[in-house]
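Worksheet for the structure shown next.
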Amino acid sequence: MRHLISGAAGFIGSHLCDRLLADGGEVVALDNLITGSRENLRHLENHPRFRFAECDVAKSVQADGKFDHVWHLASLASPKFYLMYPIETLESGSTATRNMLEVAHRDNARFLITSTSECYGDPLEHPQVETYWGNVNCVGERSCYDESKRYAEAMTMAFHRKHGVRTNIARIFNTYGPKMALNDGRVVPAFIDQALRGEALTIFGDGSQTRSFCFVSDLVDGLVRLANSEERFPVNLGNPVEMSISEFAERIQRLMGTNSPIVYKNLPSDDPKQRKPDIGKAARVLGWAPKVDLETGLGETVAYFKTKVG
Ligand code: UDP
């Protein structure tokens, strides 16, 4: 299998490269490095079946040869970065998705897009099932991310319906693990970084909002299973163990043996009040369920961050 991956130097992209190479594939990895890092792929530099090119797939896809599988992961997935780069974020869902789909169509390749639980917005249904259409503020600050992913899903379905491209849509819920950027701003790296530096943990709002956290190896396993499935409609991938952000802060304090205090900051606008995936479809269609519990996954993540925090 010859794979083309956009966003390959990102957190999930770099783990997907490892997995596809381990499975015997050849990987052409693209990234414009706006949020991804060459460091995440450094260990693959001399791999005979791996090649990296710095390329903005929203402009054009620079990759020679024919591909069996096209993976579009390029995205500014952290609220901190999509608020900083709203136009690039919209382009990664729109033009970039179209460009990657064109490659899949040209090569008669499989195509998978990593979409998001943000498609459900601030959900009024709980837990979120794939058939729920969501509650998105289409002109709010987060709309650059939410709407670009909703557009990306629509474009993907259009290529499937119009051109018969073999497509898959993964709706990814909060995921964490080694290789997240220290300055990423999302709650897992933020709390671990703060605890390691002995700084206060920053809870946004009153901490009653809920999330659930999936370890990256489970997520990548779900992506590969989905890519090999016949499912064309979106499938949720995430861990259903839900907790409030306050509870998560306590778990971090306990796990890391820190007495870092908590400080409360303003809640970002349209921050979803609750989020938890219904993974019934992933279980039924893919035989998938996450295996790594929070203590184990956070242990690996903290060990990684310790090597990064000077
Ligand atoms: N959050 C927080 N402190 C931080 C970073 C995030 O309390 O330093 C909150 C954020 O407001 C949200 C939740 O943690 O309610 C998860 O945020 P994250 O940015 O990780 O991802 P999101 O689920 O919002 O995409």
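In my numbering, the protein residues as written are 82 to 391.
Each residue gets a CB set at the ideal place from its N, CA and C atoms; glycine is no exception.
Query raised in the report: Where does G202 sit, in a helix, a strand or coil, going by DSSP?
Result: Within the sequence shown, residue 202 is the residue found at index 121, counting from 1. Here G202 sits in strand by DSSP.
Query raised in the report: Counting only runs that start and end within the stretch 145-213, where is the alpha helix (DSSP H) found for 4 or more residues in a row?
Result: 160-165, 167-174 and 176-188
Query raised in the report: Is any heavy atom of the ligand UDP found at a distance shorter than 8 Å from the C-beta of K346?
Result: Locating residue 346 in the sequence shown gives position 265, counting from the first residue. True, at least one ligand heavy atom lies under 8 Å from that Cβ.
Query - Cβ-based neighbour list, I360, same chain, cut-off 6 Å, excluding 5 preceding and 5 following - result: In the sequence shown, residue 360 corresponds to position 279, counting from 1. Excluding residues within five positions, the ones whose Cβ falls inside 6 Å are N317 and P321.
Query raised in the report: Can you name, in chain order, every residue of its own chain whose Cβ lies under 8 Å from the Cβ of I284, other than the five neighbours on each side?
Result: Counting from one through the sequence shown, the residue named residue 284 turns up at place 203. Excluding sequence neighbours, I284 sits near I326, S327, A330, I343, V344, Y345 and K346.
Requested in this report: Kindly indicate the opening and closing residues of the beta strand (DSSP E) around R252.
Outcome: Here residue 252 refers to the residue found at position 171 when the sequence shown is read from its first residue. Start and end: R247 to I253.
Report task. Can you tell me the Cβ-Cβ gap for R332 and L375, rounded? I've got them flagged as a contact below 8 Å. Result -> Translated into the one-based positions of the sequence shown, residue 332 becomes position 251. Translated into the one-based positions of the sequence shown, residue 375 becomes position 294. Right, the Cβ-Cβ distance comes to about 7 Å (below 8 Å), so this counts as a contact.
Query raised in the report: Apart from the five residues just before and just after A281, which ones in its own chain have a Cβ nearer than 7 Å to its Cβ?
Result: As a first step, residue 281 must be located in the sequence shown, where it is residue number 200. The answer, listed in chain order, is Q275, S341, P342, I343 and V344.
Query - H96 - containing alpha helix (DSSP H), residue span - result: Indexing the sequence shown from 1 puts residue 96 at position 15. Looking at the DSSP string, the run of the alpha helix (DSSP H) that includes H96 is F92 to A103.
Query raised in the report: Does DSSP classify M82 as helix, strand or coil?
Result: Stepping through the sequence shown from its first residue, residue 82 is reached at position 1. M82 falls in the coil class under three-state DSSP.
Query raised in the report: How many whole angstroms separate the CB atoms of L102 and H128, which I take to be in contact at a CB cut-off of 8 Å?
Result: Counting from one through the sequence shown, the residue named residue 102 turns up at place 21. Counting from one through the sequence shown, the residue named residue 128 turns up at place 47. At roughly 6 Å, the Cβ-Cβ gap stays under 8 Å, so L102 and H128 are in contact.
Requested in this report: Output the distance between the C-alpha atoms of E199 and E126, rounded to the nearest integer angstrom.
Outcome: In the sequence shown, the residue the question calls residue 199 occupies position 118. In the sequence shown, the residue the question calls residue 126 occupies position 45. So the two alpha carbons sit approximately 34 Å from each other.
Requested in this report: Following the continuous beta strand (DSSP E) through A110, name the residue where it begins and the one where it ends.
Outcome: Your numbering for residue 110 matches position 29 in the sequence shown. Its beta strand (DSSP E) spans residues E107 to D112.
Requested in this report: Quick one: grab the DSSP three-state call for M324.
Outcome: The residue labelled residue 324 in the question sits at position 243 within the sequence shown. Here M324 sits in strand by DSSP.
**Report entry** Chain-order list of residues whose beta-carbon lies under 6 Å from that of K68 (same chain, five-residue window excluded)
**Finding:** Summary: the structure shown does not reach residue 68, with the chain confined to residues 82 through 391, and so no result is reported for it.
Report task. Report the residue ranges of all alpha helix (DSSP H) runs contained in full by the stretch 280-356; include only those spanning at least 4 residues, in chain order. Result -> 297-308 and 326-337
Requested in this report: Could you tell me whether the stretch 223-239 touches the stretch 369-385, where touching means 3 or more Cβ pairs closer than 8 Å?
Outcome: no
**Report entry** Close beta carbons around G368, own chain, < 8 Å, minus the five adjacent residues each side
**Finding:** The residue you call residue 368 lines up with position 287 of the sequence shown. Once the five neighbours on either side are set aside, the close Cβ partners of G368 are R306.
Requested in this report: Tell me whether N216 sits in a helix, a strand or coil according to DSSP, three-state version.
Outcome: Along the sequence shown, read from residue 1 onward, the residue named residue 216 stands at position 135. It is a strand residue.
Query raised in the report: Quick one: what does DSSP say S141 is sitting in, helix, strand or coil?
Result: Here residue 141 refers to the residue found at position 60 of the sequence shown. DSSP places S141 in coil when its eight states are reduced to three.
Query raised in the report: Quick one: what does DSSP say P270 is sitting in, helix, strand or coil?
Result: Here the question's residue 270 lines up with position 189 in the sequence shown. Reduced to three states, the DSSP call for P270 is helix.
Query raised in the report: What are the start and end residues of the alpha helix (DSSP H) that includes A134?
Result: Your numbering for residue 134 matches position 53 in the sequence shown. From DSSP, A134 is part of no alpha helix (DSSP H) but of the beta strand (DSSP E) over F131 to E135.
Query - Three-state secondary structure assigned by DSSP to T256 - result: Working through the sequence shown from its first residue, we reach residue 256 at position 175. Strand.
Report task. Tell me, please, whether the stretch 174-191 touches the stretch 203-220 by the rule of three or more beta-carbon pairs shorter than 8 Å. Result -> no
**Report entry** Length of the line joining the Cα atoms of V184 and G258
**Finding:** Here the question's residue 184 lines up with position 103 in the sequence shown. Here the question's residue 258 lines up with position 177 in the sequence shown. Approximately 30 Å between the Cα atoms of the pair.
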